[in-house]
Every structure is written in structure tokens, then in C-alpha cells.
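K.L.:
There's a structure below that I have some questions on.
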Ligand code: C2E
Ligand code: CA
Ligand code: CA
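In this note's numbering, the protein residues as written are 145 to 924.
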């Protein structure tokens, strides 16, 4: 070190040069000034005299200065050694000539390992080329500081702000004089800030899982750690690995929440630094961590709106810097970004879930069903596999809703959802597209038997009664199955086919399944044709009314008629209402058709003798305030006594709140209202009392009770109640003398049925009530 130092020329020489040059210049100037005035000879002598004088004085001046310079040099050397920042003298070939202690600390090596070595040996490989380039520009006088990285023996990278000057003394070897300031911390802080900003921007573009993976990578990189892991809290007291900076399985996949660092972090909601894991007592450290030589760890909770679920965990080897406050702050900032992203994702999940979920049962809704179906159909078409759609409709669900209330209906639907879900495999889905319909989509039904098995399992799910509001409730289901085989079916077609099959299952009694096939397809086509024809039936005047007599059971006199709609189809002949009313209702055509029925019936009633009355059936869709106006208009137009018109509504309508005000207005006109099909619906005897009606028509099914061993108790009760309430009670569907006798016996006075007459064309019905002209004559 000493020899290297001696080679440096004393700065005094420079001072001598600085003094001598101006002296000579002054001498020449004096000579030139004196020449014009005093002549050349005088001038030359004055210059020479000045020089002689300067030469005599100079040694005196110089000696004083040399002392000063020597002192300064000593101070300089002392300052170099003691400087808090790294300093070095480098040869032009970048070999280190002299280094101070601060630089030894900075580079993590003793002076003897540095001097004689090129600084390039300690330079970060990525900085080699810029270093050499900078070296050249420094020689040309570029004094601007630059950032450089050096590598310490432990591999740690130090960031340095380097300021260099190239000194060329002329009489000695030129050299670089460099100052190196450690800016590693500052650099880390800047990188951390930039990383957090970048992560924040990423959060807008990627999903939270990707973000978490990226975040662990960034943390690991910036903290120069071994690994960064993200753990997620599970319901069962464990923390599971959710993301990792490396996929080398740097730790166990699950750790116990009460004995792990991440668990500790999450449970206490605090960041935890451990710079000596061996001495750690707060939590257990998995053996693999020590096996990998890791001794330091830092964990930070991820703040989430939904509560603490995630923690980040950073591991580092024994060597390297201890984790400090700045590191904790950095990881906390990363955790904040992650927390925000997780919150955002949770909100979006929630919205998506709501958009696709049936809130009542938690099953998928129609939107989910359709998108799932479409996806599976595309997928199936590619793989050539088949998909089955099983559509279930609860039998008589409306009864539950109507009699027990909506809360009970909802409870039943929820239980059905649970049972159905339990019947299917994980890859199958159960959805509730609406109402009391459920759909199962199964993709693993390659054989017919497999389909039948699933179908039977689903039907069997209804075998046990449901427990609803403390009572046992039996509820069956009808199922229609459609299978996608061609690979060309659309979701809509499958649903429609399953629907057709389901209706078939209902028609033949419910509680069973039907598979959509060619025959059903024909029925479907037929149905579509009916729909089409029905649209034109009114304008083509294809409807007619038939009239079934209502008779007094004693004496069997006709007291009135029920008008029953018929459709005279040009090809199919006389079509019965059961074959088209439902379609008319579904298509809304029932409104104009219903108006036609009312008008035709009123017109006919005007031709019938008093007190014969006429009963007209109303569809639910017709019951509105417009109907009241319509009826009022017809009564006026045909000058009818209002009580000769009876309007029949079904029990179902009685339960709808909108019905009552309409019925009250109709009765206000004086029109009578009948409750049709009593006994098939679900209204109790109580509804007879509460609902403002005039007539109750007992359905045919109640007549079966007449033959019961226990006697016709139910029927008797209804008849008696009706009478007590002042209602006209009409027994429908009387087919035998026996039934007639028993009905008379229990006090029923009015009836209708094939025993008396079938629904008759107008002319025949008229004949029953209009005595023929000759009979009149006979009587006279
Ligand atoms: P509903 O109102 O219960 O009409 C009585 C039905 O029972 C009629 O069937 C009638 O032919 C049948 N019937 C009468 N006596 C007997 C009997 O002794 N034994 C048997 N087995 N059946 C008997 P129809 O005419 O086929 O009508 C069926 C249903 O169509 C009606 O049932 C009614 O709900 C509906 N409907 C008929 N005409 C109209 C209408 O103009 N408008 C509306 N909205 N519905 C109508
Ligand atoms: Ca009726
Ligand atoms: Ca009826």
C-alpha cells in the first residue's frame, strides 16, 4: 500500500508551475511596456531585473507553499482512510491501487482481496459493459455519477452511486479517483415502490389468483429471498398453500393454523418477523425449512373485507441481510394490493353468483342452465359423447303454495333442491330454471340404462314425504328426459323436448318419467300445428258452443245450461276443449276466444225462455276489470236479467288476490258467480264461506265418495255447508241412477251429467226448453 502511495507526485510541483509561468509573463509584459518610453535596452534590463528579483524571491515563497501542500496531502490521506463512503484509487486498467475501509465494508472483502484486482471482478455481470464504456467517458472528462452494482462474496448485490475523476499528473502514472456511495437501501425502496405500483396496475388486468402468484414472485425477487408463499385459511383449521414464487414445492401444502407462522399471523392479524427460526417459540417451523438452510422468515396478513384468510410468508437463508421494518412495510403494501384484488374478486364473484343463482335454493338459475347446456353441448359435439337433460316438475305443487302458503312452498322447494343435489354426481348440475321446475344435466349417460338409473333415482328422491312447517307433505314429480345424440341439438330444443316428455309423464298420472322420442316429437309437431290453426280459428268462425243441461234432481227438469266450447276443425273434426284450451291459454288466444264465448252465450241466452239460465266458463286470464265492463255491455245489449248469467271460475282463481275485487264487481252487476270443479283444487270449505259466490259445482271426483264404505260424509258436509251459506250446489258428472239416488238422499238438488244429457248442439238444447209449437197447440 505504501509504495503505491509514494508514486503519487507532490502537488507542490503544480504550484511551482503555477508561479513560474505568470512570473515570466509579467516580465515580458514589463519589458514590452517599458520599450516605447525608455528604449529597448532599458526595457530588456527591466524585464531581466524583474526575473532576477522573482528568481530570488521564488524559493522563499515556494518553501512556504510546499509545507502547506505537504500538510494538505497528509490531511487528504487521513480523510481518504477515514471517509464514511467508499473511496478508491484505480490504475487506468481499473486495477484497484488503494481502497479505504468503507469500501472494504461495502464490497464485503478485506483490502488485500481487493488491491491488485480489477474492479471488474466485483462488478455485477450485467454492469460490465456499461462500466467499461463509462471508464472511457470519464477519461474524456465526464464527471457525472452513475449507478453500479457490485457483488459481495455471499452473492448479495450492493447498489452504489459511483463518482470518478481521471487524474493525469503528467510526470507520473495517471489514475482514477473514485467515490462509491452505498445506495442499496434507497434502491430497494425505489424498486419496492415501483413494484407495488406495477402490481396495483396488474390487479386491474389479471384475476386474483394470477395476481397472487405474481405477487409472491415479486416479493421474493425484491427481498432477494429464497421463496415467498401465500397461504389461505381453510374452514377446518388449516392453512393451505395458495400461491408460490417457485413451483419447487418449497414447503408443505397445508400447515396447521394454530402452529404455523402464517396461522399465527392470520389469527393475530399482525406481521411477524423471525430472523432466527431456530430460536423461534411462537410457532412451529416445518423441518423442510431447516433442511433447505432457511433461517429467516417474514409473514404478513392480507387484509380482506371478508375477514383474514390469507398470509404471505417469505423465507430466506441464514446469510444475507436481516429482515427489517422496511421489508415488512413492503410486504404489507403488497398484501394491501392483494387484499384489494381479493375484495374486488369477491364482489364480482358475488355478482356473478347472484346473476346465475336461484336465491331460494342456491341452485343454478335459468341463465346458468342455458350457458352450461350450451357449453356442454359444444363440448359433447366435439367428443361425440351424449348429454341428457332431465326436467322435473313437481306434481300438484300449486296445491302446497295455495293451501299452506308461499313460505311452505319455498321450504318444500329448498328440500327438493337438497334431495336432487344429493342424487347427482359432482359433474352433473342441478338447476332451478323457475317455479317448481328443476333440471338435471348429466354428461355421463352413455347408455339408456344409465339414464334410466339416474331418472329413477331422481323420482325415488320423492318417495319419502317432506317435512314442511312441522307437517309431513308428500310431493311427487313428473320428469321429461331429452337426450342430445346428434351433436346438433341446441339448448332450447333440448329443453322444449324435455318439456314435452314431462307433460306426457304428467298426463299419464305423474310421479314418473318419460323420454322424449319420435312419438313425442310427432305430438310436438301436432301441438305446434294446433297452435297455428288456433290462431286462425276465430276469423274462420270455427268455434261453436254446446250446451249441457243443468237439471233439478227432483223431477229432472232443465233449469239452465252450461255453455261448453267446441272447435270444428276443417280436418280434425270436432275438437274438445281439453285438446286446445291449454294452448289457447298459453298463447293468450284465450282472451279473444273467451270474449267470443261470452258474447255468443249472451246472444243465445236472450233467445231462451226465462228463468232458464246459462253458465259460462272463464279462464283465469279473462278475470280482470275489463271483463266486468264487457259483461255489463253484453247485459245491456241483449237486455238480459243479470242473474240469468252465471260465470264459472275455478278454485285456483279464488286464491289469487286479484280475483276478489273483480268477482265483487261482477256480483254488483247482479251476475252470479260459480265456483267450478270444487274438490279437485285445494280450497278448503273455509273458502266457500269467505269468498263471495252464488253457486258451487262439485267435481265428478267427489261423486266417487258416494260409493265409499264410510258413506258420503265429505259430500254431505259440502252440500250442507253450501245450503247453509245459501249457495246453489250443483253436482257435476252424474252418470248413473245410483249416483242420482244417493245425491238426492243427501239433499243435493241440482246436477248435470251424461245421465241427463251430454253437451248438446244449440238446436237440440233449444228443443229441451222451447216446447215445440204443436205441443203448445195441444196444451191449448
Ligand atoms: P268443466 O267446466 O268441468 O266442464 C264440464 C266437463 O265435464 C265438460 O267437458 C263436460 O262434457 C264433461 N261432463 C259433463 N257431464 C259428464 C259426465 O257425466 N261424465 C263425464 N265423464 N264428463 C262429463 P268438456 O266440454 O270437454 O270441457 C272440458 C273443460 O274445458 C271444462 O270443464 C272447462 O274447464 C273447459 N271449457 C269448456 N268450455 C270452455 C270455455 O268456453 N271457456 C273456458 N275457459 N273453458 C272451457
Ligand atoms: Ca264448468
Ligand atoms: Ca266442472
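Every residue, glycine too, gets a C-beta built ideally from N, C-alpha and C.
In three-state terms, what does DSSP make of residue 331?
P.N.:
If DSSP states are grouped into helix, strand and coil, residue 331 belongs with the helices.
K.L.:
Quick check: residue 762 and residue 789, are their CB atoms within less than 8 Å of each other?
P.N.:
No, they are not a contact pair.
K.L.:
In chain order, what residues of the same chain have a beta carbon less than 8 Å from the beta carbon of residue 565, not counting five sequence neighbours either side?
P.N.:
507 and 574.
K.L.:
Is the beta carbon of residue 792 within less than 7 Å of some heavy atom of ligand 2?
P.N.:
Yes, Cβ of residue 792 sits closer than 7 Å to a heavy atom of ligand 2.
K.L.:
Considering residue 782, what are the terminal residues of the beta strand (DSSP E) in which it resides?
P.N.:
Here residue 782 belongs to no beta strand (DSSP E), and DSSP marks it neither H nor E.
K.L.:
With C-beta atoms as the reference, is residue 231 less than 8 Å away from residue 322?
P.N.:
Taking 8 Å as the Cβ cut-off, residue 231 and residue 322 qualify as a contacting pair.
K.L.:
Pick out whichever of 661, 606 and 646 has its Cα sitting closest to the Cα of residue 629.
P.N.:
Ranking the options by Cα distance to residue 629, first place goes to 661.
K.L.:
Below 8 Å between beta carbons: does that hold for residue 873 and residue 867?
P.N.:
Yes; because the gap between Cβ atoms is below 8 Å, this pair is in contact.
K.L.:
By Cβ distance below 8 Å, which residues in the same chain neighbour residue 554 in space, the five residues on each side in sequence not counted?
P.N.:
Here the set comprises 504.
K.L.:
What residue from 881, 799, 494 and 793 has the CA that sits closest to residue 840's CA?
P.N.:
Taking only the C-alpha atoms, the option nearest residue 840 is 793.
K.L.:
Kindly identify the DSSP beta-bridge partner or partners of residue 138.
P.N.:
Because the chain here runs from 145 to 924, residue 138 falls outside it and cannot be looked at.
K.L.:
Report the start-end ranges of each alpha helix (DSSP H) in the region 452–531 that is 4 residues or longer and not cut off at the edges.
P.N.:
As far as the region 452–531 is concerned, its whole alpha helix (DSSP H) runs of at least 4 residues are 469–500 and 510–527.
K.L.:
Can you tell me whether residue 366 is buried or exposed? The criterion is at least 16 other CB atoms within 10 Å of its CB, across all chains shown.
P.N.:
Residue 366 is buried by the Cβ-count criterion.
K.L.:
Is residue 530 closer than 8 Å to residue 590 when the C-beta atoms are compared?
P.N.:
Yes, these two residues count as a Cβ contact at 8 Å.
K.L.:
For residue 620, I'd like the list of residues in its chain whose CB is within less than 7 Å of its CB, leaving aside the five on either flank, ordered along the chain.
P.N.:
Within the same chain, residue 620 has close Cβ partners 539, 606, 654 and 655.
K.L.:
Can you tell me whether DSSP reads residue 180 as helix, strand or coil?
P.N.:
Residue 180: helix per DSSP, three-state reduction.
K.L.:
What residue from 211, 736, 181 and 173 has the CA that sits closest to residue 193's CA?
P.N.:
When each option's Cα is compared against that of residue 193, the closest is 173.
K.L.:
Whose C-alpha, out of 586, 528 and 562, is nearest the C-alpha of residue 513?
P.N.:
It is 586.
K.L.:
Anyone know if the C-beta pair for residue 818 and residue 838 falls short of 8 Å?
P.N.:
Taking 8 Å as the Cβ cut-off, residue 818 and residue 838 qualify as a contacting pair.
K.L.:
Exposed or buried, which one is residue 306 when buried takes at least 16 other CB atoms within 10 Å?
P.N.:
The residue in question, residue 306, is buried, as its Cβ has 16 or more Cβ neighbours within 10 Å.
K.L.:
Do you know offhand how far residue 913's Cα is from residue 876's?
P.N.:
Approximately 20 Å, taken between the alpha carbons.
K.L.:
What's the C-alpha gap between residue 729 and residue 765?
P.N.:
One C-alpha to the other measures close to 7 Å.
K.L.:
Is it a yes or a no for the region 286–300 touching the region 263–272, going by three-plus beta-carbon pairs under 8 Å?
P.N.:
With the cut-off at 8 Å, the region 286–300 and the region 263–272 touch.
K.L.:
Using 10 angstroms around the beta-carbon of residue 641, count the other beta-carbons present and answer buried if the total reaches 16, otherwise exposed.
P.N.:
Label assigned to residue 641: buried.
K.L.:
Cβ atoms of residue 415 and residue 389: under 8 Å apart, would you say?
P.N.:
Not in contact: residue 389 and residue 415 (Cβ atoms no closer than 8 Å).
K.L.:
Going by other Cβ atoms of all chains shown within 10 Å of its Cβ, with 16 needed for buried, is residue 432 buried or exposed?
P.N.:
Exposed, because fewer than 16 other Cβ atoms sit within 10 Å of the Cβ of residue 432.
K.L.:
Compute the Euclidean distance between the alpha carbons of residue 491 and residue 391, then round it to the nearest angstrom.
P.N.:
In a straight line, the C-alpha of residue 491 is about 29 Å away from that of residue 391.
K.L.:
If you follow the beta strand (DSSP E) that residue 249 is in, where does it begin and where does it stop?
P.N.:
Not the beta strand (DSSP E): residue 249 falls in the alpha helix (DSSP H), residues 245–251.
K.L.:
Determine the extent of the alpha helix (DSSP H) in which residue 842 is found, giving its start and end residues.
P.N.:
That residue, residue 842, is in no alpha helix (DSSP H); its beta strand (DSSP E) goes 839–842.
K.L.:
Counting only the same chain and skipping the five closest in sequence on each side, list residues whose C-beta sits under 6 Å from that of residue 595.
P.N.:
The answer, listed in chain order, is 532 and 589.
K.L.:
Would you list, in sequence order, the uninterrupted beta strand (DSSP E) runs of no fewer than 3 residues that lie entirely inside the region 337–395?
P.N.:
As far as the region 337–395 is concerned, its whole beta strand (DSSP E) runs of at least 3 residues are 371–377 and 382–388.
K.L.:
Given this structure, state the Cα-to-Cα distance separating residue 562 from residue 834, to the nearest angstrom.
P.N.:
Their backbone Cα atoms lie some 37 Å apart in a straight line.
K.L.:
At a threshold of 7 Å, does residue 838 count as lining ligand 2 (C-beta to nearest heavy atom)?
P.N.:
No, Cβ of residue 838 sits at least 7 Å from all heavy atoms of ligand 2.
K.L.:
In chain order, what are the residue ranges of uninterrupted alpha helix (DSSP H) at least 4 long that sit wholly in the region 228–283?
P.N.:
Segments of the alpha helix (DSSP H) lying fully in the region 228–283: 245–251, 255–258 and 272–283.
K.L.:
If you count every other CB in all the chains shown that lies within 10 Å of the CB of residue 580, and 16 or more means buried, which is it?
P.N.:
Buried, by the Cβ-count rule.
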